[in-house]
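Participant:
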Amino acid sequence: MTALYTYIFILIFSFVTSKAEIPVIVISAGKAIQSKSAVGSDVTVIDRRKIENSNHHYVGDLLDEQILGSNFSRTGGEGTNALTQVRGLPKRYTTIYLDGVKMSDPSTPDNAYYLNNLTTYSVDRIEVLKGSQSSLYGSGAIGGTINIFTKKPVKNTETKSVSVNLGSNNSKGASFSYGKSYDNQEFLISLNKYETDGISAMNDNDENDSYRNDGLNLNYNFNFDNNLRIENNFRFVDSFLNYDQAGTSSDENSTDDEEMSYSFKLINENNKTKNQLIYNKTYFRRGVGNNTATDKAYYYGYRDTINLLSQYNFNLDNRIVYGFENEFDAANFDTWATSKSQKTDEAIYSQFFDYQFRPLEKLYLSAGGRRDHHTTSGTYETGRVTFAYNQNQHTKFRGSAGTGIRFATLNDYYYDINVKNKEDLTPEKSYNVDLGLEKTLKESNSKFIFNVFYMKYDDPITNWITNTQSGSNYTIANSGGDITSKGFEISNKTNFKDYTLNFGYAFTDAYDAEDCDNPGSSCLDEMPVRVPRHSVNSKISKNVNNLKVSLLGKYVSQRRDYGNSNNGFAQVVLDSYYKYDLKFSYNLFNQYNLYFDINNIFNENYYEAYQYSVPKRNLKFGIKHNF
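Listed below in structure tokens is the structure:
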């Protein structure tokens, strides 16, 4: 490891003293349009070209390929529980937004968003911010945020696109979108359907677990004049999955789910100010049960937010972004501790600001803070500072430091109808520091990125105490253990004459004190579950006329995982694995794109989760047409 750190130091020093060129990419890392050269946070942008070239149907698979330092896993095939962990932290510490709408489900135990049903068909762009972002995004943004933006109408243009795909396990899908802009109105509609016979979720049987996903996206905008505008974004997904669970070997379990999100924005903008009045709504319904039973257990999650987001530009290089956010969460769910459905709700009232300025020609800074008042937990503050120093147009140094917070979930507060002293449950708190270097080498036509980070959070909500009216039952409580994660990420992209080479390596050293207070005896490894210490992503692509061929490789080291009823809930270590995919893409008549993928070409038998299957060697074929 010493030799590796020495090599990295020499590499950074040589890159700092060389000459190169870095392109300008416009992003919204500070809830305002910025140049990437001015952003101090660690941000990765997945644009439409990368999304279309990936040929992935689901956002989780796309993030797994594109985001270094994140770990993706499923409990079976498509449609099963899917999660992304950023920089060694559990999924509940990364907040996901879709067109500005927070997508976590209040009816789940951890109030997280599972990526099971989120397809790429209507996605236009994804921005991933790593590190504590609670001063901007509130509760839950401890590990980072994932901002997903769907396709929008193109001004004064009519757009149409269609795609169809076939694959192994009798998989088939189709999507269609149509958009038009005329006079002062714009609209776009997207439809998609996907279904597959699937694979067996558990590895103790070979019966298929089928899955279906039907999706609708609508976008409608109206311009009253040059300064006043309304925007509407609506998404609805209906899905159905047959699945296996530990301890059973029959296909008798299923979940019938619905997801809905809606955003309304009233936008007023002039030379120096931009004000947005925003209303967001999410709705989740999960119908879970045994297919032989007459009734299923239904879980409902609701969220309404009313926000004011404002921006004042002092000049081209100095602005302040500020706002008010009011979040209302509600859920209706069953637990083993109560025999009837239980309706619960909480609210968070927030105020925040972020001052973004340029004190020197080459230096950009930001400083911000946030105040969150939770109706049960009380009032807490978070903040962040960032810097971006552009040594020249080819070399950028960046860094950020911030604090984060995560309030208890509705399930934590209302686990049992007899729970008392809810105020004793304090929120989880974190702080984060990260530094980075971005360097483009003109001589070798390559780009180099290096990031180093340290995160820590305490008061994890994982303990159990007697805290009920009757004193006979247990409820959730804060644990005394701290969770830390530190490491670095290094990536390089080089464009040669006929091909492109991408390489990325992530090292994560995390300690999960909530589970591993005594490593070596209470658990097998101190790392958080399903988080590898070492991971490598590589890709080599070659263009031959209209044909593009890509070979993708992935290495994941050993990971700790929870056991289940099949092994008495004893913790296990999952073996490391290598996986390779081969992709072909052909551009026909500059309108049609034909693709053919061979995934897991060496038929690697590996686990992403203990005893849950992954697809063996499988094929995928499709055609896309834009007109």
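Heads up: the sequence shown is residues -19 to 607, going by this note's numbering. Just so you know, even glycine gets a beta-carbon here, dropped at the ideal spot from N, CA and C. Owing to the predicted nature of the structure, the values given are computational and were not obtained by experimental measurement.
For residue 432, which residues from the same chain have a beta carbon less than 6 Å from its beta carbon, with the 5 sequence-adjacent residues on both sides left out?
Facilitator: 415 and 468
Participant: Do the stretch 330 to 345 and the stretch 100 to 108 touch if we need at least three Cβ pairs shorter than 8 Å?
Facilitator: no
Participant: List the whole-angstrom C-beta distance separating residue 466 from residue 437, where the pair is believed to meet the contact cut-off of C-beta under 8 Å.
Facilitator: Rounded, the Cβ-Cβ distance is 13 Å, inconsistent with contact.
Participant: Taking three-plus beta-carbon pairs below 8 Å as touching, is the stretch 596 to 603 in contact with the stretch 55 to 65?
Facilitator: no
Participant: Which of the three DSSP states, helix, strand or coil, is assigned to residue 391?
Facilitator: helix
Participant: Would you tell me roughly how many angstroms separate the C-alpha atoms of residue 529 and residue 564, rounded to the nearest one?
Facilitator: 5 Å
Participant: Answer with buried or exposed for residue -19, where buried requires no fewer than 16 other C-beta atoms within 10 angstroms of its C-beta.
Facilitator: At residue -19, the pLDDT of 43 sits below 50, so the modelled position is not reliable and the matter cannot be decided from this model.
Participant: Once you ignore the five residues that flank residue 439 on each side, which residues in its own chain have a CB closer than 8 Å to its CB?
Facilitator: Excluding positions up to five away in sequence, the list reads 406, 407, 408, 409, 458 and 459.
Participant: Can you round the beta-carbon distance between residue 366 and residue 20 to whole angstroms, since I take them to be within the 8 Å contact cut?
Facilitator: 3 Å
Participant: Residues in its own chain within less than 7 Å of residue 79 by CB, not counting five upstream and five downstream?
Facilitator: 129, 130, 213 and 243
Participant: Where do the N-terminal and C-terminal ends of the alpha helix (DSSP H) with residue 30 fall, by residue?
Facilitator: From DSSP, the alpha helix (DSSP H) with residue 30 extends over 28 to 34.
Participant: Where do the N-terminal and C-terminal ends of the beta strand (DSSP E) with residue 561 fall, by residue?
Facilitator: 557 to 568
Participant: Among the residues of its own chain, which have a CB less than 8 Å from the CB of residue 583, if the five just before and after it don't count?
Facilitator: Contacts found: 596 and 597.
Participant: To which residues of the same chain is residue 471 closer than 7 Å at the C-beta, ignoring the five residues directly before and after it?
Facilitator: 48, 429, 483 and 484
Participant: Looking only at its own chain, which residues have a Cβ that is under 6 Å from the Cβ of residue 575, when we skip the five neighbours before and after it?
Facilitator: 35, 565 and 602
Participant: Quick one: complete beta strand (DSSP E) runs, 3+ long, within the stretch 156 to 207?
Facilitator: 165 to 176 and 191 to 203
Participant: Quick one: what's got a C-beta closer than 6 Å to residue 328's C-beta in the same chain, skipping five residues either side?
Facilitator: 307, 352 and 354
Participant: Would residue 521 count as contacting chain C if we go by Cβ distances under 8 Å?
Facilitator: No chain C is present in this structure, which holds just one protein chain.
Participant: Grab me the residues of residue 489's own chain with a C-beta within less than 7 Å of its C-beta, minus the 5 sequence neighbours each way, in chain order.
Facilitator: Taken in chain order, the residues that qualify are 466, 467 and 513.
Participant: Check whether the stretch 95 to 104 touches the stretch 125 to 145, counting contact only when three or more Cβ pairs, one atom from each stretch, lie closer than 8 Å.
Facilitator: yes
Participant: With distances taken from CA atoms, which of 246, 300, 293 and 276 is nearest residue 287?
Facilitator: 246
Participant: Along the alpha helix (DSSP H) that carries residue 40, what are the first and last residues, could you check?
Facilitator: 39 to 46
Participant: Tell whether a beta-carbon distance below 8 Å holds between residue 86 and residue 309.
Facilitator: yes
Participant: Here's the rule: buried if 16 or more other CB atoms are within 10 angstroms of the residue's CB, otherwise exposed. What is residue 43?
Facilitator: buried
Participant: Got a sec? Which residues, its chain only, sit under 6 Å from residue 381 by beta carbon, not counting five neighbours each side?
Facilitator: 365 and 413
Participant: For residue 72, name the three-state secondary structure that DSSP assigns.
Facilitator: helix
Participant: Quick one: measure Cβ to Cβ for residue 91 and residue 72, integer angstroms, because I've assumed they're closer than 8 Å.
Facilitator: Residue 91 to residue 72, Cβ: 7 Å. Contact.
Participant: Grab me the residues of residue 590's own chain with a C-beta within less than 6 Å of its C-beta, minus the 5 sequence neighbours each way, in chain order.
Facilitator: 541 and 552
Participant: So if DSSP puts residue 526 in a beta bridge, which residue, or which two residues, is it bridged to?
Facilitator: DSSP lists no partner for residue 526.
Participant: Using 7 Å as the cut-off, classify the Cβ of residue 79 as near or not near the heavy atoms of the ligand NAD, replying yes or no.
Facilitator: Only the bare structure without any ligand can be found here, which leaves the ligand NAD out of the picture.
Participant: Per DSSP, what are the beta-bridge partners of residue 438 in this structure?
Facilitator: 409
Participant: Going by DSSP in three states, residue 211 sits in which element: helix, strand or coil?
Facilitator: strand
Participant: Residue 170 and residue 155: beta carbons closer than 8 Å?
Facilitator: yes
Participant: Can you grab the Cα-Cα spacing for the pair residue 386 / residue 361, in whole Å?
Facilitator: 12 Å
Participant: Let me check understanding here. Comparing Cα to Cα, which of 383, 605 and 505 lies closest to residue 537?
Facilitator: 505
Participant: Report the rounded CA-to-CA distance for residue 607 versus residue 144, giving the unit in angstroms.
Facilitator: Between the alpha carbons of residue 607 and residue 144 lies a gap of roughly 15 Å.
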